[in-house]
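2 protein chains.
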Amino acid sequence: MKDQPVSKNFGAIIDRTLKIIKANYQKAFIEVGVDLTTEQWVLMDSLFKNNGISQNDLANGSFKNAPTVSRILDLMCKKGLTERRRFENDRRRYKIFLTQFGEETYKKALPVVIDLRLKGWKNLSEEDYQHFTRIMDQVFSNFEQG
Amino acid sequence: MKDQPVSKNFGAIIDRTLKIIKANYQKAFIEVGVDLTTEQWVLMDSLFKNNGISQNDLANGSFKNAPTVSRILDLMCKKGLTERRRFENDRRRYKIFLTQFGEETYKKALPVVIDLRLKGWKNLSEEDYQHFTRIMDQVFSNFEQG
DNA sequence: GCAATACATTTGCCATAGCAACTATTTCAA
DNA sequence: TTGAAATAGTTGCTATGGCAAATGTATTGC
């Protein structure tokens with residue numbers, strides 16, 4: 198008797214893992230007095246590496262959609278972390294910048310994030326990471342076309 | 198020169214994978230005329246296997262918190278998929294049941310879900326699944342204590 | 001038997017997310 | 001060069017999710 202291929206409920210595993218990751222980020226930010234949500238951190242990280250990119254670029258780089266980025270930026274601008282400046286030669290677009298305060302916050306959060314990444318990968322190897330990325334990329338591309 | 202351990206941004210990979218999984222579920226449900234969100238499906242699946250469990254049990258089984266389950270059930274009850282009945286001997290608790298319509302919907306959705314699971318794991322092996330669960334469980338437990 | 005405590009669920013508040021429709025601007029094409 | 005289509009961003013609507021506080025019910029200790 199051969200085994201049938203059994204459908205695997207990987208979604209639930211991914212979901213619960215993501216939830217606990219986010220909870221740890223949130224808790225750590227609060228502990229060190231950084232007023233950031235995990236998603237705000239994601240955008241900050243993009244901005245720190247590419248200051249002045251557009252909202253669309255931010256959206257693509259973070260797998261968020263445009264309305265979500267627009268709203269997260271509303272809050273970040275309100276907190277003084279970021280700033281919108283119009284393109285000179287395309288008045289539809291903004292360039293998004295980290296403010297001084299945004300950079301300070303980034304630098305305060307970064308070591309916390311690095312610690313969390315190390316903590317999360319504890320007891321796992323470089324080889325495990327290769328497996329992990331290969332598998333997740335495969336799942337992603339399995340779902341990509343539709 | 199030794200390599201330093203490099204912190205790994207597994208969170209972003211997990212996030213984007215979960216997003217595309219959910220998008221595929223949503224799309225597939227719409228295509229076959231099943232009026233369910235992915236999270237409603239998760240609760241239905243629990244209920245189908247354990248009809249009559251409490252909201253707390255549903256929450257624990259799905260890694261959702263109690264308010265979220267309460268609200269998802271509000272919508273599911275409104276759609277006629279589920280039904281709340283009070284415990285006889287503990288009037289704080291509800292037993293949650295799939296209605297007739299809920300079961301029909303479940304049976305309509307199940308083959309779609311199985312197809313999606315197979316699709317998502319295409320070009321991946323049983324051994325990959327062992328890697329996957331081991332790695333995700335390790336990440337989870339790395340973050341568990343706090 | 002009653003006060004303190006625990007428990008199950010709900011409500012309020014806020015943030016993220018997806019979709020569709022809308023506005024403003026730019027580009028393209030006949 | 002003007003009208004159609006594309007592009008960037010916003011707004012409205014709905015759903016999920018996390019936290020804290022509130023409500024109603026049960027249990028426990030005295």
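Read top to bottom, the protein sequences are chains V and A. Note that the first sequence ends on residue 343 in our numbering; no numbers are left out. Note that the second sequence ends on residue 343 in our numbering; no numbers are left out. Glycine is no exception: its CB is placed at the ideal position from the N, C-alpha and C atoms.
Buried or exposed by the 16-neighbour rule on C-beta atoms within 10 Å, applied to residue i
{"i": "Leu272 of chain A", "result": "exposed"}
{"i": "Lys199 of chain V", "result": "At Lys199 of chain V, the pLDDT of 48 sits below 50, so the modelled position is not reliable; the number obtained from the coordinates is stated separately. Flag for Lys199 of chain V reads exposed."}
{"i": "Gln252 of chain A", "result": "buried"}
{"i": "Arg331 of chain A", "result": "exposed"}
{"i": "Asn221 of chain V", "result": "buried"}
{"i": "Ser259 of chain V", "result": "buried"}
{"i": "Ser243 of chain A", "result": "buried"}
{"i": "Ile218 of chain A", "result": "buried"}
{"i": "Lys246 of chain V", "result": "exposed"}
{"i": "Asn339 of chain V", "result": "buried"}
{"i": "Ile347 of chain V", "result": "Residue 347 of chain V lies beyond the range of chain V shown here (198 to 343); nothing can be said about it."}
{"i": "Phe298 of chain A", "result": "exposed"}
{"i": "Lys319 of chain A", "result": "exposed"}
{"i": "Asp212 of chain V", "result": "buried"}
{"i": "Asp229 of chain V", "result": "Looking at the sequence provided, one finds Val at residue 229 of chain V rather than Asp. Exposed."}
{"i": "Gln327 of chain V", "result": "exposed"}
{"i": "Ile311 of chain A", "result": "exposed"}
Among the options, nearest to residue i - alpha-carbon criterion
{"i": "Phe294 of chain V", "options": "V:Lys304, V:Asp287, V:Lys305 and V:Leu278", "result": "V:Leu278"}
{"i": "Gln342 of chain V", "options": "A:Phe298, A:Gly317, A:Tyr303 and A:Asn262", "result": "A:Gly317"}
{"i": "Gln223 of chain V", "options": "V:Ser204, V:Lys246, V:Glu236 and V:Ile211", "result": "V:Glu236"}
{"i": "Asp334 of chain A", "options": "V:Asp325, V:Lys275, V:Thr296 and V:Lys305", "result": "V:Asp325"}
{"i": "Ser204 of chain V", "options": "A:Gln327, A:Leu321 and A:Arg314", "result": "A:Arg314"}
{"i": "Trp238 of chain V", "options": "V:Lys305, V:Arg290 and V:Asn320", "result": "V:Lys305"}
{"i": "Cys274 of chain A", "options": "A:Leu215, A:Lys292 and A:Asn286", "result": "A:Lys292"}
{"i": "Phe284 of chain V", "options": "V:Lys276, V:Asp232 and V:Ile250", "result": "V:Ile250"}
{"i": "Ala263 of chain V", "options": "V:Leu240, V:Asn248, V:His328 and V:Glu280", "result": "V:Leu240"}
{"i": "Lys261 of chain V", "options": "A:Ser267, A:Lys276 and A:Lys216", "result": "A:Lys216"}
{"i": "Glu280 of chain V", "options": "V:Gly230, V:Ile269 and V:Pro308", "result": "V:Ile269"}
{"i": "Glu300 of chain V", "options": "V:Phe337, V:Asp232, V:Ala209 and V:Ile210", "result": "V:Asp232"}
{"i": "Tyr303 of chain V", "options": "V:Ile210, V:Asn248 and V:Phe207", "result": "V:Asn248"}
{"i": "Ala225 of chain V", "options": "V:Leu307, V:Ala209 and V:Arg288", "result": "V:Leu307"}
{"i": "Thr234 of chain V", "options": "V:Asn286, V:Lys276 and V:Asn257", "result": "V:Lys276"}
{"i": "Thr296 of chain A", "options": "A:Arg282, A:Arg290, A:Arg289 and A:Val309", "result": "A:Arg282"}
{"i": "Ala209 of chain V", "options": "A:Asn257, A:Asn206 and A:Arg290", "result": "A:Asn257"}
{"i": "Ser322 of chain V", "options": "A:Val336, A:Asp254 and A:Arg288", "result": "A:Val336"}
For residue i, the residue or residues it bridges with in DSSP
{"i": "Tyr291 of chain A", "result": "A:Arg283"}
Extent of the continuous alpha helix (DSSP H) run through residue i
{"i": "Ser338 of chain A", "result": "Glu323 to Glu341"}
What are the uninterrupted segments assigned as alpha helix (DSSP H) that are 4 or more residues long and contained completely in the segment 225 to 283 of chain V, given in chain order?
Counting only runs of 4 or more residues that sit fully inside the segment 225 to 283 of chain V, the alpha helix (DSSP H) segments are 235 to 246, 252 to 259 and 263 to 275, in chain order.
Runs of 3 residues minimum, wholly inside the segment 295 to 323 of chain A: which ones carry the beta strand (DSSP E) assignment?
If we require 3 residues or more, the segment 295 to 323 of chain A turns out to have no beta strand (DSSP E) run fully inside it.
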